[in-house]
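See structure below.
Residue numbers (this note's numbering), protein chains in the order written: chain P, 3 to 206; chain D, 3 to 206.
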C-alpha cells in the first residue's frame with residue numbers, strides 16, 4: 003500500500019492507470035469506480051481527482067492506454083509475419099486478438115461516452131491515433147499506393163468493417179445468429195475491398 | 003394514470019413496453035429504471051415484475067420491440083424504392099436511418115447484456131430475426147441466388163459491415179477520425195462484396 007509521500011506524480015499517474023486498467027479488465031466498465039481504484043492503491047479519492055480530474059477523464063485515460071497496448075500487440079503480430087507473410091490476415095487477427103484477450107478493456111473503449119464538455123486531451127488523441135496509423139500504412143502497402151486521403155478513408159472504413167464483425171463476436175450477437183466464423187468473414191470482406199481498390203498496383 | 007383494474011394483462015404489457023421504450027429513447031439505457039416506468043404508468047414496481055420478471059427482461063423486451071420497429075421501417079423504405087430502385091442503398095440507409103432517428107434505442111440494443119442465466123425468450127428471438135430475414139432476402143435477390151446457408155452467412159457479414167460503420171457514426175468515433183461520410187463508405191464496402199459474390203447471376 004502506498005502513501006502520498008511514496009510516489010512522484012508520474013509514478014502515481016502510472017499506478018492509478020495500471021490499477022484502473024486491471025479493475026476494468028476484471029469487472030468491466032459497469033463495475034468500475036474511481037473510489038475502488040483509490041482503495042486498491044491506498045490513496046484517497048481526492049488524490050485521483052487531483053491527478054486525473056473526473057472519473058470520466060480517468061476512464062478515458064485508461065482507454066487510451068488500452069489503445070496503445072492494442073497498437074503494440076498489432077505491431078508485434080505484423081513483425082512476426084514479416085514483410086512477405088499475410089499481413090492483412092495478421093491485421094484482422096490483431097484486431098480480434100486484443101478484443102478476445104481483453105474483452106472488458108475492449109468493450110470499455112467503445113461503451114464509454116465522454117460528457118459533451120469533457121473531450122479527449124491531446125495526449126489521448128495522439129495515443130489513440132497509433133492504431134489507425136498502423137492500419138493506414140498496411141492498407142497503403144497492400145494496394146500499392148502512397149498514404150493519401152483516399153487510402154486513409156478506405157482504411158477507416160475497413161477498420162469499421164472489422165469492428166462490426168468483432169463487436170458482434172464479443173457481444174455474443176453472432177452466436178445468437180448462428181455464425182461460427184466471424185473473423186474469417188471479416189477477412190473475406192477486407193480482401194474483397196482491397197481487390198476492388200487495387201488501383202495503384204495496376205497503374206504502376 | 004391507470005390502476006390495476008383499468009387494464010387487461012395484454013394492455014398492461016403494451017403500456018409498460020411503450021412507456022419503457024419512450025424512457026430509453028429519452029434518457030438512454032443508463033437512465034432507465036423499471037421503477038420510473040412504474041411511476042409513469044401509475045402502477046407499482048411489483049406489477050412490472052409480475053408482467054416482465056426482472057428489469058433485464060423488460061429491457062430485452064423493449065429491445066425486441068425496437069428490432070421490430072426497425073424491421074418495419076426497413077420494409078417501408080424498400081417498398082418506397084420499388085423493385086427496380088436501388089434496394090441495396092435503401093437497405094444501408096434503413097440501417098443507418100433507425101440508428102440516427104432513435105440513437106438511444108439503437109444503442110440500448112447493443113449495449114444491453116443479459117445476465118448469463120437470463121437468455122432471450124422465443125418471442126424475443128422471433129421478433130429480432132425479422133430484420134436479418136429482410137436483409138437475407140434482399141442479398142439473395144441482389145446476387146441472384148436462392149436463400150441458402152452461404153447467402154445467409156454473407157448477409158450476416160454485410161450486416162456486421164454496416165453495423166461497424168453505423169456504430170462509429172453514432173458513437174462519434176468517426177467524427178474524431180475526421181470521417182464525414184460513413185454511410186457512403188458502408189455502401190461502397192457492401193457493393194464491393196456483392197460484386198465479388200455475383201456467382202449465381204453469372205451462372206444463370
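The beta-carbon is built from N, C-alpha and C at its ideal position, and this holds for glycine as well. Values in this document were obtained by computation on a predicted structure and should not be read as measured data.
Rounded Cβ spacing between residue i and residue j (contact assumed at less than 8 Å)
i, j, result
"residue 76 of chain P", "residue 89 of chain P", "With 8 Å as the limit, residue 76 of chain P and residue 89 of chain P do not qualify as a contact, their Cβ atoms being about 11 Å apart."
"residue 99 of chain P", "residue 64 of chain P", "Contact flag wrong, Cβ pair sits at about 20 Å."
"residue 166 of chain D", "residue 162 of chain P", "4 Å"
"residue 197 of chain D", "residue 190 of chain P", "The pair is not a contact, with the Cβ atoms about 13 Å apart (cut-off 8 Å)."
"residue 32 of chain D", "residue 47 of chain D", "At roughly 19 Å, the Cβ-Cβ gap does not stay under 8 Å, so residue 32 of chain D and residue 47 of chain D are not in contact."
Contacting residues, own chain, Cβ-Cβ under 6 Å from residue i (five flanking each side not counted)
i, result
"residue 157 of chain D", "137, 138 and 141"
"residue 132 of chain P", "73"
"residue 93 of chain D", "140"
"residue 147 of chain D", "153 and 202"
"residue 61 of chain P", "114"
For residue i, the three-state DSSP class (helix, strand or coil)
i, result
"residue 82 of chain P", "helix"
"residue 115 of chain P", "coil"
"residue 97 of chain P", "helix"
"residue 19 of chain D", "helix"
"residue 137 of chain P", "helix"
"residue 123 of chain D", "coil"
"residue 199 of chain P", "coil"
"residue 9 of chain P", "coil"
"residue 91 of chain D", "helix"
"residue 66 of chain P", "helix"
"residue 150 of chain P", "coil"
"residue 170 of chain P", "helix"
Residue environment, residue i, which counts as buried when at least 16 other CB atoms sit within 10 Å
i, result
"residue 82 of chain D", "exposed"
"residue 144 of chain P", "buried"
"residue 135 of chain D", "exposed"
"residue 95 of chain D", "buried"
"residue 129 of chain D", "buried"
"residue 175 of chain P", "buried"
C-alpha gap between residue i and residue j, whole angstroms
i, j, result
"residue 126 of chain D", "residue 186 of chain D", "32 Å"
"residue 14 of chain D", "residue 111 of chain P", "38 Å"
"residue 180 of chain D", "residue 39 of chain D", "39 Å"
"residue 195 of chain P", "residue 154 of chain P", "14 Å"
"residue 123 of chain P", "residue 51 of chain P", "16 Å"
"residue 86 of chain D", "residue 159 of chain D", "24 Å"
"residue 188 of chain D", "residue 45 of chain D", "45 Å"
"residue 91 of chain D", "residue 151 of chain D", "23 Å"
"residue 164 of chain P", "residue 9 of chain D", "47 Å"
Nonlocal neighbours in the same chain, by C-beta distance under 8 Å from residue i, ignoring five residues either side
i, result
"residue 11 of chain P", "53"
"residue 30 of chain P", "106, 109 and 110"
"residue 149 of chain D", "138, 139 and 142"
7 Å CB neighbourhood of residue i in its chain, flanking five on each side removed
i, result
"residue 172 of chain D", "101, 105, 108 and 109"
"residue 70 of chain D", "129 and 132"
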